[in-house]
Amino acid sequence: MDSKSCFILGLPSAGKTSYLAALAYSLQQKQVETKLHWESFSGDHQYLASLAETWLTAEPVSRTSTGLQQTSLTICLSDCEGKIFNITFPDLSGETFQKQYVDREIDGSMADSIINGNGILVFINPREIIEPALISELPLEHRLKPVPNTEILEREPANADPTEVQIVELLQDIEFLTKNKRYKKVPLSIIVSAWDIVDASYSIPETCIRERIPLLWQFLKANDDIFLTSYYGVSAQGGSLDTGEESEYLIDQFETNPAERIVVVNNAGEKSHDITLPLWEVMNK
Ligand SMILES: Nc1nc2c(ncn2[C@@H]2O[C@H](COP(=O)(O)OP(=O)(O)OP(=O)(O)O)[C@@H](O)[C@H]2O)c(=O)[nH]1
Ligand SMILES: [Mg+2]
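According to this note's numbering, the residues represented by the sequence shown are 6 to 290, in order.
Written as structure tokens, this is what we have:
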């Protein structure tokens with residue numbers, strides 16, 4: 006049996022665990038057609054089973070702390086052609102990636118999963134984007150005033166630097182780590198999570214990335230000889246779960262077929278409920 010692995014990257018609250026919760030539920034239901042299906046559990050399945058349960062009851066997932074992060078979850082899947090394979094992926098804490106960005110250091114086992122992996126999913130939550138401030142947009146008095154050294158020392162890069170700068174830096178680490186594998190491009194899927202809150206004028210995920218975080222889009226365009234990129238918009242929850250009323254509304258509305266809560270938009274703007282699509286695509290490139 007084939008063994009594959011997928012690396013999952015994203016800053017805090019990027020939507021990684023919510024995606025895995027919807028995936029865990031989707032893989033075991035039959036009402037909505039999906040490219041991938043659950044064949045059997047391998048390893049410790051408790052984590053994914055409990056995420057699936059949380060998803061079904063329309064509760065938001067808890068933040069993944071570094072102490073509770075999962076470095077290697079394995080499930081046995083079958084694809085639409087009946088091919089069966091084991092797939093391994095992590096559910097890491099966004100803080101792990103912030104630390105990597107700030108310290109410019111990566112854990113050895115994480116580096117190995119990137120080097121030996123088959124593809125990467127990168128999550129970006131439109132609600133969490135830190136926009137860059139252009140010098141030309143700052144009031145003149147700020148631009149003329151010298152910055153005191155204390156302010157520079159107190160700067161917190163993880164909470165202040167633009168999202169696009171942090172993600173591009175993390176992708177540059179991947180570029181470096183995979184440099185001996187240049188015979189093959191790195192399959193990458195950029196996933197705009199919480200697609201239900203994205204401005205309705207965006208029907209194409211790549212346009213949303215190009216306009217909201219242009220540095221990332223430019224980086225991927227300029228490095229298309231290294232990364233083989235696809236773009237998806239994903240609403241894993243199907244809507245906001247910030248209040249009990251919102252959760253109840255979603256449960257009632259999709260009582261007969263909960264998996265229809267999920268919305269996945271590909272780069273042609275086509276909508277489906279198949280949350281396995283980004284994973285299936287990066288595994289097949
Ligand atoms: N509206 C909406 N919100 C979502 C959706 N998916 C995730 N969110 C929200 O985004 C926030 C972060 O989601 P998580 O899945 O915990 O993100 P994460 O990347 O695992 O974050 P860390 O564990 O901190 O690294 C939560 O408040 C979720 O409720 C969605 O489909 N729609
Ligand atoms: Mg998480």
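In this text, a Cβ means the ideal position worked out from N, Cα and C, and glycines have one as well.
Proximity of residue i and residue j at Cβ, strictly below 8 Å
{"i": "Ala63", "j": "Ile256", "result": "yes"}
{"i": "Leu82", "j": "Phe94", "result": "no"}
{"i": "Val287", "j": "Ile120", "result": "no"}
{"i": "Leu225", "j": "Lys190", "result": "no"}
{"i": "Thr39", "j": "Asp204", "result": "no"}
{"i": "Val107", "j": "Ala19", "result": "no"}
{"i": "Ser240", "j": "Ser194", "result": "no"}
{"i": "Ser31", "j": "Ala264", "result": "yes"}
{"i": "Lys9", "j": "Ile92", "result": "yes"}
{"i": "Leu246", "j": "Pro65", "result": "yes"}
{"i": "Asn272", "j": "Glu216", "result": "no"}
Residue from the options whose Cα sits closest to the Cα of residue i
{"i": "Gln171", "options": "Ile92, Val127 and Asn91", "result": "Val127"}
{"i": "Ala116", "options": "Phe90, Asp230, Thr183 and His50", "result": "Thr183"}
{"i": "Asn123", "options": "Ile267, Asp7, Ser240 and Arg266", "result": "Asp7"}
{"i": "Ala54", "options": "Thr79, Ser70 and Leu149", "result": "Thr79"}
{"i": "Cys11", "options": "Gln34, Thr59, Asp247 and Leu97", "result": "Leu97"}
{"i": "Ser208", "options": "Gln258, Trp222 and Gly238", "result": "Gly238"}
{"i": "Thr261", "options": "Ile218, Lys35, Val66 and Ala57", "result": "Lys35"}
{"i": "Ile231", "options": "Glu86, Ala163, Ile134 and Leu176", "result": "Leu176"}
{"i": "Gln242", "options": "Phe102, Val269 and Asn289", "result": "Val269"}
{"i": "Leu139", "options": "Glu133, Pro210, Arg148 and Trp60", "result": "Arg148"}
{"i": "Val173", "options": "Pro210, Pro192 and Trp222", "result": "Trp222"}
{"i": "Ile135", "options": "Pro192, Asn271, Leu16 and Gly72", "result": "Leu16"}
{"i": "Gly274", "options": "Trp200, Glu133 and Arg266", "result": "Trp200"}
{"i": "Lys290", "options": "Gln258, Arg266, Ser206 and Pro192", "result": "Pro192"}
{"i": "Asp229", "options": "Leu145, Ser141, Glu180 and Gln258", "result": "Glu180"}
{"i": "Leu61", "options": "Ser277, Tyr188, Gln258 and Arg187", "result": "Gln258"}
{"i": "Pro137", "options": "Tyr24, Arg266 and Leu220", "result": "Leu220"}
{"i": "Ser114", "options": "Ile196, Glu253 and Gln75", "result": "Gln75"}
Distance between beta carbons of residue j and residue i, contact taken as under 8 Å
{"i": "Ser198", "j": "Ile129", "result": "7 Å"}
{"i": "Gln33", "j": "Trp43", "result": "5 Å"}
{"i": "Ile111", "j": "Asp166", "result": "Not really, about 18 Å apart at Cβ, beyond 8 Å."}
{"i": "Thr168", "j": "Ile218", "result": "6 Å"}
{"i": "Leu56", "j": "Thr22", "result": "7 Å"}
{"i": "Leu28", "j": "Thr248", "result": "The pair is not a contact, with the Cβ atoms about 25 Å apart (cut-off 8 Å)."}
{"i": "Trp285", "j": "Leu41", "result": "5 Å"}
{"i": "Glu251", "j": "Gly244", "result": "6 Å"}
{"i": "Thr71", "j": "Ala26", "result": "With 8 Å as the limit, Thr71 and Ala26 do not qualify as a contact, their Cβ atoms being about 19 Å apart."}
Three-state class that DSSP yields for residue i in the structure shown
{"i": "Tyr207", "result": "coil"}
{"i": "Glu286", "result": "helix"}
{"i": "Lys276", "result": "strand"}
{"i": "Val270", "result": "strand"}
{"i": "Ser3", "result": "Past the boundaries of the shown model lies residue 3; the chain is included only from 6 to 290, so the question cannot be answered."}
{"i": "Leu41", "result": "strand"}
{"i": "Leu32", "result": "helix"}
{"i": "Leu16", "result": "coil"}
{"i": "Glu265", "result": "helix"}
{"i": "Thr281", "result": "coil"}
{"i": "Glu260", "result": "coil"}
{"i": "Thr22", "result": "helix"}
Cutoff 8 Å: residue i Cβ touching any chain C Cβ
{"i": "Leu28", "result": "Any reference to chain C falls outside this structure, which holds one protein chain only."}
message = So within the stretch 48–105, which uninterrupted alpha helix (DSSP H) runs reach at least 4 residues, ignoring any that extend past its ends?
response = Taken in chain order, the complete alpha helix (DSSP H) segments of 4 or more residues contained in the stretch 48–105 are 51–61.
message = Which runs of the beta strand (DSSP E) at least 3 residues long sit entirely within the stretch 110–168? Give them in chain order.
response = The beta strand (DSSP E) runs of length 3 or more contained entirely in the stretch 110–168 are, from start to end of the chain, 124–129.
Unbroken stretches of the beta strand (DSSP E), 3 residues or longer, contained in the stretch 169–246 = DSSP runs (the beta strand (DSSP E)) wholly in the stretch 169–246: 191–197 and 232–240.
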